[in-house]
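First residue of the sequence shown: 2, per the numbering used here; consecutive thereafter. Worksheet: one structure, shown below.
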Amino acid sequence: MRDETGGAGERSATMRVGVVLERRRIDHPWQKWRWRAVSVIAHAPPIRQPRLLLSDGTADMALWHTVTLPLLVHRTDTEAYKYNLSTAQPQVYVVLRPGNDEAFPLWPALVTVSPSEAQAYSETSEDRVEPVPMPEPIIAWLKAFVDRHHVDRPIVKRRRKGLDRGPGEASEFEIVEGGSSDAGRVGE
């Protein structure tokens, strides 16, 4: 795992992030609880098992620090991070997967700050991606990483050589001497 600073020579950087899930009782015929990601904790310590952070005293609502995961950023993805930071409310995306434990039917599998990576995970049928507000310490850390590593690259439209040009314009097509557009007509 990389250090949490991600110096100028680093290709990536990592921060430990705790994921907080909310369990709330709902009035539904097929399920008792609604689980959702509500926040993340920057620089969270590793934990061995889920830790209760808050309960309303009636067991109708509880907040759990379920797991601490690495938030990994790469210098090749700074365009996506820059976009996220430019929004009114930057987000951390929590990827939830079905859990193996009846007590926690959903389990955080990954955290990312890349909207494009979150979109890719949301296209699978098993993963559920939930955005949560990005805390200030993560905003500052991510902004410093983007400032160190982002390079604006112009958008270049690619064209297959010769295939988008007509005959006589250096394409793969050639005009054949003696050829005619009427060649091959029946009855001549």
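Heads up, the beta-carbon is just placed ideally off N, CA and C, and yes, glycines get one too.
Going by beta carbons, VAL41 and VAL74 fall outside the 8 angstroms limit.
Put simply, the backbone Cα of ALA45 is about 9 angstroms away from that of VAL68. By the Cβ test, the segment 114 to 125 is not in contact with the segment 24 to 41, since fewer than three Cβ pairs between them sit closer than 8 angstroms.
Using a Cβ-Cβ distance cut-off of 8 angstroms, the segment 148 to 160 and the segment 92 to 101 are not in contact, since fewer than three pairs of beta carbons, one from each stretch, lie closer than that value. Of the residues assessed, ALA60 falls on the exposed side of the cut-off, its CB having fewer than 16 other CB atoms within 10 angstroms. Check the Cα spacing between PHE105 and each of PRO136, ARG76, THR88, ALA63: the tightest is with ALA63.
Its chain contains MET16, VAL18, VAL112 as the residues whose beta carbon lies nearer than 6 angstroms to that of LEU72, once the 5 sequence neighbours on both sides are disregarded; these appear in chain order.
Measuring C-alpha to C-alpha distances from MET135 to each of ARG149, TRP34, VAL39 identifies VAL39 as the nearest. Comparing C-alpha distances from ARG98 to each of GLU127, TYR122, TRP31 shows the shortest one belongs to GLU127. Distance between PRO47 and LEU53, taken at the CA atoms: about 15 angstroms. Excluding five sequence positions before and after TRP108, the CB atoms of its chain that fall closer than 8 angstroms to its own CB belong to THR67, VAL68, LEU97, ARG98, PRO99, GLY100, ASN101, ASP102, given in chain order.
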